[in-house]
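Structure record follows, encoded as structure tokens.
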Amino acid sequence: MNRICELFGIQYPIVQGGMVWCSGWRLASAVSEAGGLGLLGAGSMHPEILREHIRKCRAATEKNFGVNVPLMYPEIDTLMRILVEEKVRIVFTSAGNPKTWTGYLKEHGVTVAHVVSSSRFARKCEEAGVDAVVAEGFEAGGHNGREETTTLCLIPAVRQATSLPLLAAGGIGSGQAIAATMALGAEGVQIGTRFALTQESSAHENFKRLCLSLQEGDTRLLLKKLSPTRLVKGDFTTAVEEAEARGASVEELRELLGKGRAKRGIFEGDLKEGELEIGQVASQFREEQPVKVVMEELVQGLRQSLGQLTSFQI
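Our numbering numbers the first residue of the sequence shown as 1037 and each following residue consecutively.
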């Protein structure tokens, strides 16, 4: 058993990303039931909605699951209190300083992982006392690090910078990709896009169908003045590109983005006006599958790849 499986009490070193508008209790419980670690995406939930999803997830599986918390969450104090009250045992934090809440969570018996985009932030995680690091590369969907470092470059750099258990994320959607990250020093993976497009994902069917039709190059990293975000090309991204090309200010971009645009696109299926966040790896998939089948394919592909690697002779 590797350190990731041991730390989270799971069968396979595969964590489902806690994605906004995709990661409700159905997805999280299905991933946990299949041997991975399911995460609820707190970033798109009001505190009491999160409480409801925690309870429904616990009723749906006896296996471990966790919650992903963006630290920029507007009601973070209330949310953290709910996590403790509901006895959540695993929390993944992102988009903020891990020092702020790691101590509080660990005082209440919570295992904490934090998402980083550079080796410098990985070292800060170790100083903050987190239990594991998720190194997420430029290929990932949604909010990205400003460094724009690809997963292939990021994983060995983070591995060199910290001795903490290390998960790779960004552009990983197959067992072969999992094996590649392990060759670079990762001990497990966090997968978002592949799970966002499963039957159990709470994303709208319009969004899933669009993402399952994407070709290479159909996503772009935009909104760099605000928070770099990988988006599907479309009417909204065209408007953003035009604004950025004419040198729009942060305030203008914020006004263009408005409120609720990600919900409109991902959860409500408005492909014209919505913010459609997905990773580059979406172009590799064409079928909306159940989580159980995805997990079986990932594990089978990983085993085959590891076997092939051991057969190579130099």
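Note that the Cβ used here is the ideal one computed from N, Cα and C, for glycine as well.
Where residue i sits in the DSSP three-state scheme
i: Val1120; result: helix
i: Asn1133; result: coil
i: Phe1321; result: coil
i: Asn1359; result: Absent from the structure is residue 1359, since the part of the chain shown begins at 1037 and ends at 1350.
i: Pro1192; result: helix
i: Phe1272; result: helix
i: Gly1211; result: helix
i: Ile1126; result: strand
i: Arg1159; result: helix
i: Arg1256; result: strand
i: Thr1217; result: helix
i: Val1166; result: coil
i: Gly1145; result: coil
i: Ile1314; result: coil
i: Glu1172; result: strand
i: Thr1234; result: coil
i: Gln1226; result: strand
i: Gly1401; result: The requested residue 1401 does not occur in the structure, where the chain is confined to residues 1037 to 1350.
i: Gly1077; result: strand
i: Gln1344; result: helix
i: His1150; result: strand
i: Thr1265; result: strand
i: Ile1050; result: strand
Backbone CA spacing between residue i and residue j [nearest angstrom]
i: Thr1097; j: Ala1232; result: 19 Å
i: Arg1282; j: Thr1265; result: 19 Å
i: Gly1181; j: Ser1154; result: 8 Å
i: Ser1116; j: Leu1141; result: Going by the sequence as given, residue 1116 is Met instead of Ser. One C-alpha to the other measures close to 8 Å.
i: Glu1069; j: Glu1278; result: 45 Å
i: Thr1185; j: Pro1192; result: 12 Å
i: Pro1201; j: Ser1341; result: 22 Å
i: Gly1337; j: Ile1208; result: 12 Å
i: Ile1112; j: Ser1347; result: 50 Å
i: Phe1128; j: Gln1349; result: 39 Å
i: Ala1215; j: Ala1275; result: 39 Å
i: Glu1280; j: Leu1267; result: 15 Å
i: Arg1343; j: Thr1217; result: First, the residue type needs correcting, since residue 1343 is Gly and not Arg in the sequence shown. Their Cα atoms are separated by approximately 15 Å.
i: Glu1084; j: Arg1322; result: 35 Å
i: Ile1046; j: Leu1334; result: 15 Å
i: Gln1251; j: Gln1320; result: 8 Å
i: Arg1091; j: Val1124; result: 10 Å
i: Asn1038; j: Thr1138; result: 23 Å
i: Leu1220; j: Leu1203; result: 11 Å
i: Ala1284; j: Glu1183; result: 21 Å
i: Ala1239; j: Trp1057; result: 6 Å
i: Leu1086; j: Arg1339; result: 35 Å
i: Val1067; j: Ser1237; result: 11 Å
i: Arg1156; j: Val1194; result: 8 Å
i: Glu1163; j: Leu1075; result: 24 Å
i: Glu1332; j: Gly1294; result: 40 Å
Integer-rounded CB distance, given that residue j should sit under 8 Å from residue i
i: Val1023; j: Ala1158; result: Lying before the first or after the last residue shown, residue 1023 is absent from the chain, which here runs from 1037 to 1350.
i: Val1286; j: Leu1258; result: The Cβ separation is near 13 Å, so there is no contact.
i: Gly1173; j: Ala1197; result: Going by Cβ atoms, the distance from Gly1173 to Ala1197 rounds to 15 Å, so no, they are not a contact pair.
i: Ile1126; j: Val1146; result: 7 Å
i: Cys1093; j: Ser1065; result: 5 Å
i: Ala1171; j: Leu1188; result: Not confirmed; about 11 Å, so no contact.
i: Thr1229; j: Ala1149; result: Between Ala1149 and Thr1229 the Cβ distance is about 19 Å, and since that is not below 8 Å, they are no contact.
i: Gly1296; j: Phe1243; result: Not quite, the Cβ-Cβ distance comes to about 15 Å (not below 8 Å), so this is no contact.
Reference residue i, options the options, closest by Cα
i: Pro1134; options: Val1268, Leu1075, Val1166 and Glu1333; result: Val1166
i: Glu1241; options: Leu1250, Gly1211 and Glu1304; result: Glu1304
i: Pro1106; options: Val1152, Gly1145, Ala1095 and Val1120; result: Val1152
i: Ala1298; options: Thr1198, Met1081 and Gly1071; result: Met1081
i: Gly1270; options: Thr1147, Lys1295, Asp1306 and Gly1294; result: Asp1306
i: Met1108; options: Leu1119, Arg1091, Gly1132 and Lys1308; result: Gly1132
i: Lys1260; options: Gln1251, Glu1236, Phe1243 and Arg1290; result: Arg1290
i: Thr1255; options: His1179, Ser1199 and Leu1293; result: His1179
i: Lys1328; options: Leu1345, Gln1235, Arg1195 and Glu1121; result: Gln1235
i: Glu1029; options: Ala1284, Trp1137 and Gly1072; result: In this structure the chain extends from 1037 to 1350, so residue 1029 is not present and cannot be described.
i: His1144; options: His1150, Glu1122, Ser1199 and Leu1292; result: Glu1122
i: Met1055; options: Ile1040, Gly1077 and Val1067; result: Gly1077
i: Ser1199; options: Gly1253, Gly1294, Cys1161 and Ser1210; result: Cys1161
i: Gln1316; options: Leu1292, Leu1345 and Gly1253; result: Gly1253
Any non-hydrogen atom of the ligand COA within 7 Å of residue i CB
i: Gly1209; result: Of the ligands one can find in the structure shown there are none, so the ligand COA has no counterpart to examine.
- prompt: Three or more C-beta pairs closer than 8 Å, one from the segment 1099-1113 and one from the segment 1051-1063: is that the case here?
  reply: yes
Stretch pair the segment 1213-1233 + the segment 1039-1058: three plus CB contacts closer than 8 Å: yes
field: Sufficient close CB pairs (3 or more, under 8 Å) joining the segment 1311-1318 to the segment 1245-1255
entry: yes
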